[in-house]
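Asker: 4 is the number of the first residue of the sequence shown in the numbering used here; add one for each residue after it.
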Amino acid sequence: MKTPASRFKTTIYEQLARISKALAHPCRLELLDLLSQGPRTVEGLARQTGQSLANTSHHLQILRRARLAEAEKVGLYVTYRLADTKVSTFFLDLRRLAESRLAEVEQVTRQYLEARGALESVSSDELLRRVRRGDVTILDVRPREEYRAGHIPGALSVPLSEVKKRLAELPKDREVVAYCRGPYCVMAIEAVELLRKRGFRAHRMEQGVADWRARGWRVETSDEPRADVQR
């Protein structure tokens, strides 16, 4: 027979298990990663994850029931956002724990990056030093809505789909650093590949805005993406 103390502990652990159960699916982890970039509609999240609208909505509802995400309906569209900044922090901590404890994470990442010739990257510390000196052009290659929700100060919004047609705007005498959502986002890798083929000195920054914010560094928001390029 359980004592009041054991029932108390069981109840608490059951509540904690609600969080772990909600996170026990790769699609829901990817959704949290995307929502760490800023609020998104269900339709937008479905496109980004490659899931059906119904499947995406199902996973989002699970995150909502666990109070990890919130939803708001405006007109015909439902927009989701993280319920608290602590959710983003928790996701980053989970990612770091997996990186430190699971050798498979590094193996899979290294194999992919080696195949793309993209092992070299620039750390946030190094990027911050170069930005303060005005040595680099920083490209945010995420979709515009993510840039508007939050971006690294001084970064230019050049979505991956627009990099090729906007090459003429970028000065070739300055180093270019591209970033996207974090170490497992491939948009910056593809942008750097394209830039290097066109003669630019380009590098990828592994960390994204969520990592930047977690370190206590300032993040800018914007109603309209910056279109100017400092030459």
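Glycine included, every Cβ here is placed at the ideal spot set by N, Cα and C.
Considering only DSSP beta bridges, list what Ile141 is partnered with.
Answerer: The residue you call residue 141 lines up with position 138 of the sequence shown. According to DSSP, which records beta bridges pairwise, Ile141 is partnered with Val180.
Asker: Roughly how many angstroms separate the alpha carbons of Gln233 and Arg50, rounded to a whole number?
Answerer: In the sequence shown, counting from the first residue as 1, residue 233 sits at position 230. In the sequence shown, counting from the first residue as 1, residue 50 sits at position 47. Its pLDDT being 41, under 50, Gln233 is placed unreliably by the model, and nothing is read from it.
Asker: What does the alpha-carbon distance come out to for the pair Gln54 and Leu63?
Answerer: By 1-based counting over the sequence shown, the position of residue 54 is 51. By 1-based counting over the sequence shown, the position of residue 63 is 60. About 12 Å.
Asker: Just the Cα atoms here: how many angstroms apart are Leu19 and Ala25?
Answerer: Walking along the sequence shown from the start, residue 19 turns up at place 16. Walking along the sequence shown from the start, residue 25 turns up at place 22. Approximately 10 Å, taken between the alpha carbons.
Asker: My guess is that Met208 and Leu130 are in contact by the Cβ rule of under 8 Å, so how many angstroms apart are they, rounded?
Answerer: To locate residue 208, count along the sequence shown from 1; it is residue 205. To locate residue 130, count along the sequence shown from 1; it is residue 127. The pair is a contact, with the Cβ atoms about 5 Å apart (cut-off 8 Å).
Asker: Tell me the residue span of the alpha helix (DSSP H) that contains Ala118.
Answerer: Working through the sequence shown from its first residue, we reach residue 118 at position 115. It spans Ala106 to Arg119 - the alpha helix (DSSP H) in which Ala118 sits, taken as one unbroken run.
Asker: DSSP state of Leu159, grouped into three classes?
Answerer: Reading the sequence shown from its first residue, position 156 is the one you call residue 159. In the structure shown, Leu159 sits in a strand (DSSP, three-state: E or B).
Asker: Measure from the alpha carbon of Lys175 to the alpha carbon of each residue in Glu17, Lys200 and Thr52, then state which is nearest.
Answerer: Working through the sequence shown from its first residue, we reach residue 175 at position 172. The residue with the shortest Cα to Cα distance from Lys175 is Lys200.
Asker: Under 8 Å: do the segment 100-118 and the segment 138-155 share three or more Cβ pairs, one atom per stretch?
Answerer: No, the segment 100-118 does not touch the segment 138-155.
Asker: List the residues that DSSP assigns as beta-bridge partners of Thr82.
Answerer: Position 79 of the sequence shown, counting from 1, holds the residue named residue 82. In the DSSP output, where bridge partners are listed per residue, Thr82 has Thr44 and Glu75.
Asker: Measure the alpha-carbon distance for Ser9 versus Ile15 and round it to whole angstroms.
Answerer: In the sequence shown, the residue the question calls residue 9 occupies position 6. In the sequence shown, the residue the question calls residue 15 occupies position 12. Distance between the alpha carbons of Ser9 and Ile15: 10 Å.
Asker: The beta strand (DSSP E) spanning His206 covers which residue range?
Answerer: Numbered from its first residue, the sequence shown carries residue 206 at position 203. Ala205 to Met208 is the extent of the beta strand (DSSP E) around His206.
Asker: Identify which residue in Cys188, Glu193, Pro42 and Val45 has its Cα closest to the Cα of Ser164.
Answerer: One-based indexing of the sequence shown puts residue 164 at position 161. The shortest C-alpha separation from Ser164 is found at Glu193.
Asker: Give a yes or no on whether the C-beta atoms belonging to Leu170 and Val179 are separated by under 8 Å.
Answerer: Your numbering for residue 170 matches position 167 in the sequence shown. Your numbering for residue 179 matches position 176 in the sequence shown. Cβ atoms of Leu170 and Val179: not closer than 8 Å.
Asker: Can you check whether the C-beta of Val189 is within less than 8 Å of a C-beta belonging to chain D?
Answerer: Chain labels in this structure do not include chain D; a single protein chain is all it has.
Asker: Can the beta-carbon of Val139 be found less than 8 Å from the beta-carbon of Ala191?
Answerer: Taking the sequence shown and counting its residues from 1, one reaches residue 139 at position 136. Taking the sequence shown and counting its residues from 1, one reaches residue 191 at position 188. No.
Asker: Just curious, the alpha helix (DSSP H) that Gln64 is in, first and last residue?
Answerer: In the sequence shown, residue 64 corresponds to position 61, counting from 1. Its alpha helix (DSSP H) spans residues Leu56 to Arg68.
Asker: From the DSSP output, which residues share a beta bridge with Glu223?
Answerer: Within the sequence shown, residue 223 is the residue found at index 220, counting from 1. Looking at the DSSP assignment, Glu223 forms a beta bridge with His154.
Asker: Going along the chain, which residues of its own chain have a beta-carbon closer than 6 Å to the beta-carbon of Pro228, five neighbours each way excluded?
Answerer: Residue mapping note: residue 228 aligns to position 225 of the sequence shown, counting from 1. Bear in mind that a pLDDT of 45 at Pro228, under 50, signals an unreliable position, so the number given afterwards is only what the model happens to contain. Same-chain partners within the cutoff: Arg147, Tyr150 and Ser160.
Asker: Going by beta-carbon coordinates alone, are Leu66 and Arg43 separated by less than 8 Å?
Answerer: Along the sequence shown, one-based indexing puts residue 66 at 63. Along the sequence shown, one-based indexing puts residue 43 at 40. No.
Asker: Compute the Euclidean distance between the alpha carbons of Arg21 and Val195, then round it to the nearest angstrom.
Answerer: On the sequence shown, position 18 is the one that residue 21 refers to. On the sequence shown, position 192 is the one that residue 195 refers to. Whole-angstrom Cα-Cα distance: 40 Å.
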